[in-house]
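J.: Residue numbers (the numbering used here): 1084 to 1537. Glycine included, C-beta positions come from ideal geometry on N, C-alpha and C.
1) I'd like the list of long-range same chain contacts for residue 1284, defined as Cβ closer than 6 Å, with 5 residues on each side in sequence excluded.
2) Using only the alpha-carbon positions, how far apart do residue 1431 and residue 1498 sit?
3) Could you check what DSSP says for residue 1349 in three-state terms: helix, strand or coil?
4) Are residue 1467 and residue 1397 touching if we call contact CB-CB under 8 Å?
5) Decide if the region 1131-1141 is in contact with the region 1153-1171; the criterion is three or more beta carbon pairs, one per stretch, under 8 Å apart.
6) Give the DSSP-derived three-state secondary structure of residue 1289 in the structure shown.
7) Give a yes or no on contact between the region 1295-1304 and the region 1495-1513, applying the rule of three or more CB pairs nearer than 8 Å.
8) Below 8 Å, can you find three or more Cβ-Cβ pairs linking the region 1436-1455 to the region 1378-1391?
9) Tell me, to the nearest whole angstrom, how far the beta carbon of residue 1089 is from that of residue 1119; I am working on the premise that it is less than 8 Å.
10) Taking the alpha helix (DSSP H) that residue 1535 belongs to, which residues open and close that run?
11) Within its chain, find whatever has a CB closer than 7 Å to the CB of residue 1085; leave out the 5 residues flanking it on each side and keep chain order.
12) Going along the chain, which unbroken runs of the beta strand (DSSP E) with 3 or more residues stay wholly within the region 1381-1417?
13) Rounded to whole angstroms, what's the CA-CA distance from residue 1146 to residue 1122? Just pull it up for me.
14) Under the DSSP definition of a beta bridge, which residues are partnered with residue 1258?
15) Determine the burial state of residue 1191: buried for a count of at least 16 other Cβ atoms within 10 Å of its Cβ, exposed for fewer.
16) Would you identify the three-state DSSP class for residue 1092, choosing helix, strand or coil?
17) Pick helix, strand or coil for residue 1027, following the three-state DSSP scheme.
18) Would you decide whether residue 1428 is buried or exposed? Buried here means 16 or more other CB atoms lie within 10 Å of its CB.
19) Evaluate residue 1515 with the Cβ neighbour count: other Cβ atoms within 10 Å of its Cβ, from every protein chain shown; 16 or more gives buried, anything less gives exposed.
20) Just reading off the alpha helix (DSSP H) that residue 1280 is part of, what are its end residues?
21) Go through its chain and collect everything with a Cβ distance to residue 1094's Cβ below 6 Å, but skip five positions before and after it.
22) Below 8 Å between beta carbons: does that hold for residue 1267 and residue 1225?
23) Looking at C-alpha atoms only, which residue of 1259, 1348, 1208 and 1292 is the closest neighbour of residue 1231?
24) Tell me which residues share the same chain as residue 1194 and place their Cβ nearer than 6 Å to its Cβ, disregarding the 5 neighbours each side in the sequence.
25) Does residue 1507 pass the burial test, meaning 16 or more other C-beta atoms within 10 Å, or should it be called exposed?
26) Between which two residues does the beta strand (DSSP E) holding residue 1501 run?
27) Return the residue from the list 1132, 1339, 1481 and 1166 that minimises the CA-CA distance to residue 1202.
28) With burial defined as no fewer than 16 other Cβ atoms inside 10 Å of the residue's Cβ, what is the status of residue 1533: buried or exposed?
29) Check residue 1427 in the structure and name its three-state DSSP category.
30) Could you give the C-beta distance for residue 1199 and residue 1221, rounded to a whole number, given that I count them as a contact under 8 Å?
31) Straight-line CA distance for residue 1339 to residue 1286?
32) Using 8 Å for Cβ pairs, my map puts residue 1366 next to residue 1259. What's the rounded Cβ distance?
33) Residue 1217 to residue 1408, Cα distance in whole Å?
34) Can you tell me whether residue 1098 is buried or exposed? The criterion is at least 16 other CB atoms within 10 Å of its CB, across all chains shown.
35) Kindly indicate which three-state DSSP category residue 1496 falls into: helix, strand or coil?
36) Spatial neighbours of residue 1197 within its chain, please: C-beta separation below 7 Å, excluding the five flanking residues on both sides.
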């Protein structure tokens, strides 16, 4: 039974390449899987929306997963179970029978959710816990004054890393997460709002002292946040907030910790405390200068060998598509681009031959079956609308379109330089200028000095 196919549309999540699926008979899209073993082809199970299933995780039988849920490691979703609403199931957890997991809930460890159980509202089930019957599991939100006991106080970039690089380019920020697991006077777990955490928690150095004034801490992201802050926390039932760290000058590596005061007692991640579950949580950041890109960092082949389509829109119309991007050899990811969209920067009319070069849009992401429309205006003829795929690969896209149509014995020419910037995940930029040569091929220059194509 081949109820779905794995398409060529892909994305990378935490270093893992995932592929979009779609139904065979209806063509409707599904979620994302790492390989065929993640979703059974038998019975009625399926994944929808932006669901991601990877690792050794399996969705089987009649289970349905939707709304951005994540299933990974050795987790199993089976029976008539339903998982949705940003829930995360991982480790060796099992959700089966008629169980429902939703609302940012987390099931992990060797936990098993079965029967008619509903887990929601940022709840977490872990360890060797088995929850069955008709039980409903959820947590409530309280204020800072409601905290009676601190079980866990941690500080990290994400659940894998405690170290990162930080570029001095005016754009890069490293996200730092703070999490609390607290109980009220009745020993019930509850969550603290972000606002309460921002008001009561301070970022300090590893000696529990105030930070160097050249280290900037913000609650707001500027756009170039790396590592990514999405799903920064592995334990979704913890109270959590994120700060963004940046610097504007070169300095030695430095360490950050978190500090707060609860009921007159100071808690800090800089030192180990007497709490059994407390641990030292220190983030180390190494400051790097703005990266200077070279030709070796650029993806050259799409510039040398553009995608060429013949007889586009009218007989004889030729469309060439160039994609500008980093090659990733140094770990850089093409993340953003800056250019003037839909700008015709070159035109030539030479007798019966006419050609135009143009930018398209600023998008750099691969998008399956995404089309762009450009009206090309040539002398003495009506505009020619050209429709073609524009993002069949990642990178900033430029088009040239030529036709054998014009007024004999006449000529004209317009030649400009097209300037643009492509940036990596840290906000480091490569300044590129684009021109058209006498053979109507695009020439790309790095920093107006280094020719990327010949």
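T.: According to the structure shown:
1) In the chain shown, the residue the question calls residue 1284 occupies position 201. So the list reads 1261, 1341 and 1343, once near-sequence residues are dropped.
2) Locating residue 1431 in the chain shown gives position 348, where the first residue counts as 1. Locating residue 1498 in the chain shown gives position 415, where the first residue counts as 1. Looking at the two C-alpha atoms, the distance is approximately 8 Å.
3) Locating residue 1349 in the chain shown gives position 266, counting from the first residue. DSSP places residue 1349 in strand when its eight states are reduced to three.
4) Position 384 of the chain shown, counted from the start, is the residue given in the question as residue 1467. Position 314 of the chain shown, counted from the start, is the residue given in the question as residue 1397. Yes, Cβ-Cβ distance for residue 1467 and residue 1397 is below 8 Å.
5) yes
6) Here residue 1289 refers to the residue found at position 206 when the chain shown is read from its first residue. DSSP places residue 1289 in coil when its eight states are reduced to three.
7) no
8) no
9) Here residue 1089 refers to the residue found at position 6 when the chain shown is read from its first residue. Here residue 1119 refers to the residue found at position 36 when the chain shown is read from its first residue. Confirmed, about 7 Å.
10) Translated into positions along the chain shown, residue 1535 becomes position 452. Neither: residue 1535 is in no alpha helix (DSSP H) and is coded neither H nor E.
11) Reading the chain shown from its first residue, position 2 is the one you call residue 1085. Excluding residues within five positions, the ones whose Cβ falls inside 7 Å are 1107 and 1124.
12) 1390-1392 and 1401-1407
13) Translated into the one-based positions of the chain shown, residue 1146 becomes position 63. Translated into the one-based positions of the chain shown, residue 1122 becomes position 39. Straight-line Cα distance between these residues: approximately 10 Å.
14) Translated into positions along the chain shown, residue 1258 becomes position 175. Bridge partners of residue 1258: 1327.
15) By one-based count along the chain shown, residue 1191 stands at place 108. It counts as buried.
16) Numbered from its first residue, the chain shown carries residue 1092 at position 9. Looking at residue 1092 - three-state DSSP - the assignment turns out to be strand.
17) Given that the chain is displayed from residue 1084 to residue 1537, the structure contains no residue 1027 and the question cannot be resolved.
18) Mapped onto the chain shown, residue 1428 falls at position 345. Flag for residue 1428 reads buried.
19) Residue 1515 sits at position 432 when you count from the first residue of the chain shown. The residue in question, residue 1515, is buried, as its Cβ has 16 or more Cβ neighbours within 10 Å.
20) For the purposes of this step, residue 1280 is identified with residue 197 of the chain shown, where counting begins at 1. Where residue 1280 is concerned, the enclosing alpha helix (DSSP H) stretches over 1277-1283.
21) What you label residue 1094 is simply residue 11 of the chain shown in a count that begins at 1. Within the same chain, residue 1094 has close Cβ partners 1101.
22) As a position in the chain shown, residue 1267 is number 184, starting the count at 1. As a position in the chain shown, residue 1225 is number 142, starting the count at 1. Against a cut-off of 8 Å, the Cβ pair of residue 1225 and residue 1267 comes out as a contact.
23) For this step, residue 1231 is matched to residue 148 along the chain shown. The candidate whose alpha carbon is nearest that of residue 1231 is 1348.
24) For the purposes of this step, residue 1194 is taken as residue 111 along the chain shown, with counting starting at 1. 1176, 1208, 1209 and 1212.
25) Position 424 of the chain shown, counted from the first residue, corresponds to residue 1507. It is buried - the Cβ of residue 1507 has at least 16 other Cβ atoms within 10 Å.
26) Counted from its first residue, the chain shown places residue 1501 at position 418. Where residue 1501 is concerned, the enclosing beta strand (DSSP E) stretches over 1501-1506.
27) As a working mapping, residue 1202 is identified with position 119 in the chain shown. Checked all of 1132, 1339, 1481 and 1166; the closest Cα to residue 1202 is 1166.
28) Against the chain shown, residue 1533 aligns to sequence position 450. Residue 1533 should be labelled exposed.
29) Working through the chain shown from its first residue, we reach residue 1427 at position 344. Residue 1427 falls in the strand class under three-state DSSP.
30) Looking up residue 1199 in the chain shown gives position 116. Looking up residue 1221 in the chain shown gives position 138. Not confirmed; about 15 Å, so no contact.
31) Working through the chain shown from its first residue, we reach residue 1339 at position 256. Working through the chain shown from its first residue, we reach residue 1286 at position 203. So the alpha carbons of these two residues sit roughly 7 Å apart.
32) Residue numbering aside, residue 1366 sits at position 283 when the chain shown is read from its first letter. Residue numbering aside, residue 1259 sits at position 176 when the chain shown is read from its first letter. Confirmed, about 6 Å.
33) Within the chain shown, residue 1217 is the residue found at index 134, counting from 1. Within the chain shown, residue 1408 is the residue found at index 325, counting from 1. Looking at the two C-alpha atoms, the distance is approximately 53 Å.
34) Mapped onto the chain shown, residue 1098 falls at position 15. Exposed is the call here.
35) Indexing the chain shown from 1 puts residue 1496 at position 413. Correct three-state label for residue 1496: strand.
36) Within the chain shown, residue 1197 is the residue found at index 114, counting from 1. Contacts found: 1179, 1180, 1182 and 1215.
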